[in-house]
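**Student:**
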Amino acid sequence: VEDLLAVLAREQRGANELMARCHRVLSHEGLRGDAVKDIARDIGNFLQRIFDLLLSKAVEAILSRAGLYGRPAELGDYARQFQSLVVPDDVADVNQDGAMTDEAFAAMRLAGPNPVMLRRIDAVPANFPVDAARFAAITKQDLAAALAASRVYLADYAALSLQVSGTDPAQKYASAPLALFALDENRSALTPVAIQCGQTPSNACPVFYADEGRSWELAKIHVQSADGNYHELISHLGLTHLLVEPFVVATHRNLAQQHPLFLLLLPHMQGTAFINNAAINSLIAPGGTVDKLLAGTIESDWAVSATALTSLDFNGHMLKNNLKIRGVDDPALLPDYPYRDDALLLWDAIEGWVGDYLDLYYDSDADVVEDEELQAWYRDLISPEGGTLSTLGQADPAGGEGRGLFTVAYLKEVVTMVIFTGSVQHAGVNFPQRTIMSYAPAMPLATYAPPPVRVSGALPADAGLAHLPPLQMGLLQVLVGELLGGVYFTRLGDYDRHQRQSWFTDRRVDEPLAAFHSNLVAAERTIGARNLERAIAYDVMLPSRVPQSINI
Numbered sequence: 002v003e004d005l006l007a008v009l010a011r012e013q014r015g016a017n018e019l020m021a022r023c024h025r026v027l028s029h030e031g032l033r034g035d036a037v038k039d040i041a042r043d044i045g046n047f048l049q050r051i052f053d054l055l056l057s058k059a060v061e062a063i064l065s066r067a068g069l070y071g072r073p074a075e076l077g078d079y080a081r082q083f084q085s086l087v088v089p090d091d092v093a094d095v096n097q098d099g100a101m102t103d104e105a106f107a108a109m110r111l112a113g114p115n116p117v118m119l120r121r122i123d124a125v126p127a128n129f130p131v132d133a134a135r136f137a138a139i140t141k142q143d144l145a146a147a148l149a150a151s152r153v154y155l156a157d158y159a160a161l162s163l164q165v166s167g168t169d170p171a172q173k174y175a176s177a178p179l180a181l182f183a184l185d186e187n188r189s190a191l192t193p194v195a196i197q198c199g200q201t202p203s204n205a206c207p208v209f210y211a212d213e214g215r216s217w218e219l220a221k222i223h224v225q226s227a228d229g230n231y232h233e234l235i236s237h238l239g240l241t242h243l244l245v246e247p248f249v250v251a252t253h254r255n256l257a258q259q260h261p262l263f264l265l266l267l268p269h270m271q272g273t274a275f276i277n278n279a280a281i282n283s284l285i286a287p288g289g290t291v292d293k294l295l296a297g298t299i300e301s302d303w304a305v306s307a308t309a310l311t312s313l314d315f316n317g318h319m320l321k322n323n324l325k326i327r328g329v330d331d332p333a334l335l336p337d338y339p340y341r342d343d344a345l346l347l348w349d350a351i352e353g354w355v356g357d358y359l360d361l362y363y364d365s366d367a368d369v370v371e372d373e374e375l376q377a378w379y380r381d382l383i384s385p386e387g388g389t390l391s392t393l394g395q396a397d398p399a400g401g402e403g404r405g406l407f408t409v410a411y412l413k414e415v416v417t418m419v420i421f422t423g424s425v426q427h428a429g430v431n432f433p434q435r436t437i438m439s440y441a442p443a444m445p446l447a448t449y450a451p452p453p454v455r456v457s458g459a460l461p462a463d464a465g466l467a468h469l470p471p472l473q474m475g476l477l478q479v480l481v482g483e484l485l486g487g488v489y490f491t492r493l494g495d496y497d498r499h500q501r502q503s504w505f506t507d508r509r510v511d512e513p514l515a516a517f518h519s520n521l522v523a524a525e526r527t528i529g530a531r532n533l534e535r536a537i538a539y540d541v542m543l544p545s546r547v548p549q550s551i552n553i
């Protein structure tokens, strides 16, 4: 295992060198030329070489001899997989049943790898028959009163209903659970209350409550697994990697290299097309690591990601709109939400920078409408044969039919969204793969026993182990998380890094860019101060740890 980690460390250095080369070529040639083809090939070969090694028979034999293969004998077997790596702090948040503690389980919804699931509700869904008396016993609150007071929240994984349980390397169990949470009357703590491990209630799919002992612990394991699958397929792959890619293509296809929007966007797109292409041929290919690690068949996993993208409400997905739609935008109602608070800081910084920059080149809405390259860019993005982002656009302010790109204000929102997604949002979902997501009991990417059903009598103390991944899959999760979450190349706002001269040659840009840098420094200080007061530090959105683009 030590040798494997040494190889991985060497490959991480190689990844940064590849990204530097990619940056140099793109700065000079865009997506054209033989050098670009060479980089695409080399990045693909790089990923394929690593994953071929991790999935090889030789590694399987080494793990077998080291006692790191097959079913775990105890929970500590997973921690021993880290060897020379730092064991994540989150190990302490997993109890001896193999599930997260209730406190950590709730905290993951607010500051975990996938902190975008909570939705405030004013009625419990009809397909989630939560018993009001059980709710009251757990929360010391009346359910109707808590709903009316905006203290009840739902995490609904219905989008995973498309998953079909996979069988590589053994029978796995995909699920699409619902989980109910409630704030206390002081709004100081979020508590998990109830879980249903599927979308249709029945004797085979009952509601479990937080006072049910070991059955409740098993239900939490299945929610954490669903959260990991939703994270990888939707929040990470679908709504960062695949969402930014149409903008990469449309920008190179329609905007001249001297166009001000091309110059602004290019640094936030570097490496994205390459890493996406490489992933198709390795990471998310049949028989690849996603096929082995995640709960579904690879074909159904593709369907989950594709559906998330094609059904996306683009404007509704903009950060402030999304928070409002989910009912989690008001700190007075939900005071402790680190993802929201830190993401808004950086959204505002990016929005200010984008606004100041575009104001240099677009004096009026007429300038937007009359910019032929910009309008071609927009048409390409919404075209069924192009970007397929059919919900991108705004209503015509003049009252005309159809949607389009009509105003400077809307252009600013779109560009802010693209830059935020390719930098901040991707950092928020990518880098936790190296920490909490690398520890399989905290977030098993597949479960290996069916969701629990209500049984008479006590469950055995080691019941949770049967639901967790085999040790070799746990180690694969460690190594893949270490690789994907350990490559940092470029830094948000640092446009001149790896450049022989200033990226922006228009000296009018200097002042707004300096203001952007100042806002990022202030955001760094603010987040640092917040983390001193938080029960769990949330550091993935520190500007110093946010790359410019999706390049891993």
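Under the working numbering, the first residue of the sequence shown is numbered 2, with each subsequent residue one higher.
All C-beta atoms in this analysis are idealised placements derived from N, C-alpha and C, irrespective of residue type, glycine included.
1. Excluding sequence positions up to five away, which residues of its chain have a Cβ less than 7 Å from the Cβ of aspartate 368?
2. If you count every other CB in all the chains shown that lies within 10 Å of the CB of arginine 509, and 16 or more means buried, which is it?
3. Rounded to the nearest angstrom, what separates proline 398 and alanine 195 at their Cα positions?
4. Check whether the stretch 497 to 504 and the stretch 341 to 355 touch, using three or more Cβ-Cβ pairs below 8 Å as the test.
5. To test your reading of the DSSP string, which unbroken alpha helix (DSSP H) runs of 4 or more residues are found completely within the stretch 131 to 193?
6. Could you tell me the alpha carbon to alpha carbon distance between threonine 311 and valine 131, rounded to whole angstroms?
7. Given a threshold of 16 other Cβ atoms within 10 Å of its Cβ, counted over all protein chains shown, does leucine 219 qualify as buried or as exposed?
8. Looking at the strands, I want to know which residues DSSP matches up with isoleucine 122.
9. From the DSSP output, in three-state form, read off leucine 32 for me.
10. For the stretch 207 to 217 against the stretch 280 to 291, do three or more pairs of beta-carbon atoms, one drawn from each stretch, fall closer than 8 Å, so that the two count as touching?
11. Does serine 384 come out as helix, strand or coil in the three-state DSSP assignment?
12. If distances are taken between C-alpha atoms only, which option among Ser189, Leu163 and Phe182 comes closest to proline 332?
13. Run through DSSP, which three-state label would aspartate 540 get?
14. Does DSSP put valine 488 in a helix, in a strand, or in coil?
15. For the alpha helix (DSSP H) containing tyrosine 79, name the first residue and the last one.
16. On a Cα-Cα basis, can you pick out the residue from Pro513, Asp507 and Gln549 that is closest to glutamine 259?
17. Pick helix, strand or coil for arginine 404, following the three-state DSSP scheme.
18. Can you say whether valine 415 is buried or exposed, counting buried as having 16 or more other CB atoms within 10 angstroms of its CB?
19. Hey, alanine 147 and alanine 183 are a contact pair by Cβ (cut 8 Å); roughly how many whole angstroms apart?
20. Go ahead and pull the three-state DSSP assignment for isoleucine 196.
21. May I ask which residues mark the beginning and end of the alpha helix (DSSP H) holding tyrosine 210?
22. May I ask you to report which of helix, strand or coil DSSP gives serine 65?
23. Below 7 Å CB to CB, which residues in the same chain sit around glycine 71 once its five sequence neighbours on both sides are set aside?
24. Which residues in the same chain as arginine 535 place their Cβ atom closer than 6 Å to its Cβ, once the five residues preceding and following it in sequence are excluded?
25. Hey, could you find the ends of the alpha helix (DSSP H) methionine 270 is sitting in?
26. By a C-beta neighbour count over all protein chains shown, 10 Å radius and 16 as the cutoff for buried, is alanine 274 buried or exposed?
27. Which first and last residues belong to the alpha helix (DSSP H) in which valine 369 is found?
28. When we look at the beta-carbon of glycine 423 and count the other beta-carbons within 10 Å, is it buried (16 or more) or exposed?
29. Going by the beta-carbon positions, is the gap between leucine 144 and alanine 127 smaller than 8 Å?
30. Just to confirm the assignment, what range does the alpha helix (DSSP H) spanning valine 531 have?
31. By alpha-carbon positions, which one of Ile551, Tyr379 and Gly388 ends up nearest to tyrosine 411?
32. Quick check on glycine 272: buried or exposed, where buried means 16 or more other Cβ atoms within 10 Å of its Cβ?
33. Tell me whether the stretch 393 to 408 and the stretch 197 to 208 touch, counting them as touching only if at least three CB pairs, one residue from each stretch, are closer than 8 Å.
34. Using 10 angstroms around the beta-carbon of aspartate 314, count the other beta-carbons present and answer buried if the total reaches 16, otherwise exposed.
35. Would you check if there are 3 or more beta carbon pairs closer than 8 Å linking the stretch 372 to 387 to the stretch 430 to 437?
36. Quick one: residues in its chain with C-beta nearer than 8 Å to the C-beta of serine 162, no 5 flanking neighbours on either side, listed in chain order?
**Tutor:** In terms of the structure at hand:
1. Residue numbering aside, residue 368 sits at position 367 when the sequence shown is read from its first letter. Taken in chain order, the list of residues that qualify is empty.
2. What you label residue 509 is simply residue 508 of the sequence shown in a count that begins at 1. Its Cβ having fewer than 16 others within 10 Å, arginine 509 is exposed.
3. Taking the first residue of the sequence shown as position 1, residue 398 is located at position 397. Taking the first residue of the sequence shown as position 1, residue 195 is located at position 194. Their backbone Cα atoms lie some 46 Å apart in a straight line.
4. no
5. Runs of the alpha helix (DSSP H) lying entirely within the stretch 131 to 193 and spanning at least 4 residues, in chain order: 133 to 140 and 144 to 149.
6. In the sequence shown, residue 311 corresponds to position 310, counting from 1. In the sequence shown, residue 131 corresponds to position 130, counting from 1. Their Cα atoms are separated by approximately 32 Å.
7. Here residue 219 refers to the residue found at position 218 of the sequence shown. Label assigned to leucine 219: buried.
8. On the sequence shown, position 121 is the one that residue 122 refers to. Answer by DSSP bridge pairing: none, since isoleucine 122 is not bridged.
9. Stepping through the sequence shown from its first residue, residue 32 is reached at position 31. Reliability of the predicted coordinates at leucine 32 is poor, the pLDDT of 48 falling under 50, and the value obtained from them is presented with this limitation in mind. Note: leucine 32 maps to coil in three-state DSSP.
10. No, the stretch 207 to 217 is not in contact with the stretch 280 to 291.
11. Here the question's residue 384 lines up with position 383 in the sequence shown. Coil.
12. Taking the sequence shown and counting its residues from 1, one reaches residue 332 at position 331. Nearest option by C-alpha distance: Ser189.
13. Looking up residue 540 in the sequence shown gives position 539. Here aspartate 540 sits in coil by DSSP.
14. Here residue 488 refers to the residue found at position 487 when the sequence shown is read from its first residue. It is coil, neither helix nor strand.
15. As a working note, residue 79 is residue 78 in the sequence shown. Element bounds for tyrosine 79: 77 to 80.
16. Start at 1 with the first residue of the sequence shown, and residue 259 comes out as number 258. Minimum Cα distance to glutamine 259 is reached at Asp507.
17. Position 403 of the sequence shown holds residue 404. Three-state result, arginine 404: strand.
18. Stepping through the sequence shown from its first residue, residue 415 is reached at position 414. By the neighbour-count rule (16 or more Cβ atoms within 10 Å), valine 415 is buried.
19. Taking the first residue of the sequence shown as position 1, residue 147 is located at position 146. Taking the first residue of the sequence shown as position 1, residue 183 is located at position 182. Yes, they are in contact, since the Cβ atoms of alanine 147 and alanine 183 sit about 6 Å apart, within 8 Å.
20. As a working note, residue 196 is residue 195 in the sequence shown. Here isoleucine 196 sits in strand by DSSP.
21. On the sequence shown, position 209 is the one that residue 210 refers to. It is not in any alpha helix (DSSP H) - tyrosine 210 instead sits in the beta strand (DSSP E) that spans 208 to 210.
22. Taking the first residue of the sequence shown as 1, we reach residue 65 at position 64. Secondary structure of serine 65 (DSSP, three-state): helix.
23. By one-based count along the sequence shown, residue 71 stands at place 70. The answer, listed in chain order, is Pro471 and Leu472.
24. As a working note, residue 535 is residue 534 in the sequence shown. Excluding sequence neighbours, arginine 535 sits near nothing in its chain.
25. Here residue 270 refers to the residue found at position 269 when the sequence shown is read from its first residue. Taken as a continuous stretch (DSSP letters only), methionine 270 belongs to no alpha helix (DSSP H), as it is neither H nor E.
26. Sequence index remark: in the sequence shown, residue 274 carries index 273 (1-based). Within a 10 Å sphere around the beta-carbon of alanine 274 sit 16 or more other beta-carbons, which makes this residue buried.
27. The residue labelled residue 369 in the question sits at position 368 within the sequence shown. From DSSP, the alpha helix (DSSP H) with valine 369 extends over 366 to 371.
28. What you label residue 423 is simply residue 422 of the sequence shown in a count that begins at 1. Result: buried.
29. Taking the first residue of the sequence shown as position 1, residue 144 is located at position 143. Taking the first residue of the sequence shown as position 1, residue 127 is located at position 126. Against a cut-off of 8 Å, the Cβ pair of alanine 127 and leucine 144 comes out as no contact.
30. Along the sequence shown, one-based indexing puts residue 531 at 530. For the sequence presented, residue 531 should be read as arginine rather than valine. 511 to 534 is the extent of the alpha helix (DSSP H) around arginine 531.
31. Translated into the one-based positions of the sequence shown, residue 411 becomes position 410. Considering only alpha carbons, the answer is Tyr379.
32. For the purposes of this step, residue 272 is taken as residue 271 along the sequence shown, with counting starting at 1. Result: buried.
33. At 8 Å Cβ cutoff, the stretches do not touch.
34. Along the sequence shown, read from residue 1 onward, the residue named residue 314 stands at position 313. Classification for aspartate 314: exposed.
35. The stretch 372 to 387 vs the stretch 430 to 437: no contact.
36. Sequence index remark: in the sequence shown, residue 162 carries index 161 (1-based). Contacts found: Ala177 and Gln200.
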